[in-house]
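Novice: Got a structure for you, written out below as structure tokens; questions coming shortly.
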Amino acid sequence: MDNSYTILLIETLKVTATQLVGVFGIFFFLGFLLAKLQKWSNLNYRNTFGWKGILWTAWIGTPFHEFGHYLFAILFRHTVKEIALFKPNEETGGLGHVNHSYKKSSIYQTLGNFFIGAAPMIFGTGMLFLLLFFLLPNGNEIIGVLVDARESFFSLTKAIPSVFSMIFSTSNMGAWSFWVFLYISFALSAHIAPSKEDRKGMWSGFFWIVLIIFVINFVALLLRLDLTSYILHTAGYLNILIAMTLYALLMSVLHYLFTLLCIYPISLIKKKYTSARAGAGIPVYDKRKNS
Numbered sequence: 011m012d013n014s015y016t017i018l019l020i021e022t023l024k025v026t027a028t029q030l031v032g033v034f035g036i037f038f039f040l041g042f043l044l045a046k047l048q049k050w051s052n053l054n055y056r057n058t059f060g061w062k063g064i065l066w067t068a069w070i071g072t073p074f075h076e077f078g079h080y081l082f083a084i085l086f087r088h089t090v091k092e093i094a095l096f097k098p099n100e101e102t103g104g105l106g107h108v109n110h111s112y113k114k115s116s117i118y119q120t121l122g123n124f125f126i127g128a129a130p131m132i133f134g135t136g137m138l139f140l141l142l143f144f145l146l147p148n149g150n151e152i153i154g155v156l157v158d159a160r161e162s163f164f165s166l167t168k169a170i171p172s173v174f175s176m177i178f179s180t181s182n183m184g185a186w187s188f189w190v191f192l193y194i195s196f197a198l199s200a201h202i203a204p205s206k207e208d209r210k211g212m213w214s215g216f217f218w219i220v221l222i223i224f225v226i227n228f229v230a231l232l233l234r235l236d237l238t239s240y241i242l243h244t245a246g247y248l249n250i251l252i253a254m255t256l257y258a259l260l261m262s263v264l265h266y267l268f269t270l271l272c273i274y275p276i277s278l279i280k281k282k283y284t285s286a287r288a289g290a291g292i293p294v295y296d297k298r299k300n301s
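In the working numbering, the protein residues as written are 11 to 301.
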């Protein structure tokens, strides 16, 4: 009897792991890439213009980041104590915040920590799609390409070159709305990833997601029901969210390349100029230390 329950527990763990990877794996991976690109892009601004360099994108990106937290905190019935959509602080490095509390005895509110932490990525991706729809003349067609390719992750990645060429079409680049779209998209993508504190707060919610799925699987296996195929089939509908997140990743890559090719060289020129002045014995004033 004990042996049968051990086998049941092991099988439940295997099934739960398969479902979690199938549903959440790609989002964790894309979130990791978004966080890295965001870090590298902001580092290029900071190395070139000092801490205030990131404000070029933060004044738009941060309010959307924080509003995402606020929106999901309300959805999961957290008590919002304070909200600062944009309040840059050079000493702490903070750009804004949402202070909220919840009842630890409430599973729903605790589970909500996961979605509140991931909110900037979810909300920001949605806003990028709205920008695409309203500001680009062919935005509806681009969204159509992504939606049509939602059948698999492979088909979505194959659609990216087409999406890129459609965004940077000659007709789009001749429209003023394209440049507004590009700037706002860069600003959003520069602040779309959950911060370190956001990610830390997500784990308590994710624990409950794992536990609930584990219990459901345990009961299902006791009744000789296999929910894995059903859950993974249902997760297929999440491909539209994957398409949206891949698009957000594309904009983040473009923004990083912009900072690498256009902003970072300025930093190199400034360093060379500073070294030349220092070598000549001319006092150097470093704005980055006083910005």
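Here a beta-carbon is modelled for each residue, glycine too, at the ideal position from N, C-alpha and C.
What alpha helix (DSSP H) runs, 4 residues minimum, are completely inside the region 195-276?
Specialist: Runs found: 206-232, 238-245 and 249-268.
Novice: Grab the span of the alpha helix (DSSP H) containing residue 49 for me, first residue to last.
Specialist: Run containing residue 49: 36-59, per the alpha helix (DSSP H) assignment.
Novice: Please name the residue or residues paired with residue 89 in a DSSP beta bridge.
Specialist: DSSP, once it has assigned bridges, lists 111 as partnering residue 89.
Novice: Who are the Cβ neighbours of residue 113 in its own chain at under 6 Å, not counting the five residues just before and after it?
Specialist: The answer, listed in chain order, is 119.
Novice: Note the first and the last residue of the continuous alpha helix (DSSP H) segment covering residue 155.
Specialist: Unbroken alpha helix (DSSP H) run through residue 155: 149-158.
Novice: Give me whichever residues DSSP pairs with residue 68 in a beta bridge.
Specialist: Answer is none; residue 68 lacks a bridge partner.
Novice: If you run the structure through DSSP and keep just helix, strand and coil, what is residue 94?
Specialist: Three-state result, residue 94: strand.
Novice: Count the other C-beta atoms from every protein chain shown that fall within 10 angstroms of the C-beta of residue 183, then say buried if there are 16 or more, exposed otherwise.
Specialist: So residue 183 counts as exposed.
Novice: Between 81, 108 and 157, which lies nearest to residue 134 when the distance is taken from Cα to Cα?
Specialist: Nearest option by C-alpha distance: 81.
Novice: Give the straight-line distance between the Cα atoms of residue 19 and residue 32, rounded to the nearest whole angstrom.
Specialist: For residue 19 and residue 32, the distance between alpha carbons rounds to 20 Å.
Novice: How should residue 339 be labelled, buried or exposed, when 16 other C-beta atoms within 10 angstroms of its C-beta is the threshold for buried?
Specialist: This structure gives no information on residue 339, because the portion of the chain shown stretches from 11 to 301.
Novice: What would DSSP say about residue 27, mapped onto helix, strand or coil?
Specialist: Three-state DSSP puts residue 27 in a helix.
Novice: In angstroms, rounded to a whole number, what distance separates the CA positions of residue 92 and residue 109?
Specialist: In a straight line, the C-alpha of residue 92 is about 5 Å away from that of residue 109.
Novice: Measure how close the beta-carbons of residue 196 and residue 265 come, nearest whole angstrom, since I'm counting them as under 8 Å.
Specialist: Confirmed, Cβ separation roughly 4 Å.
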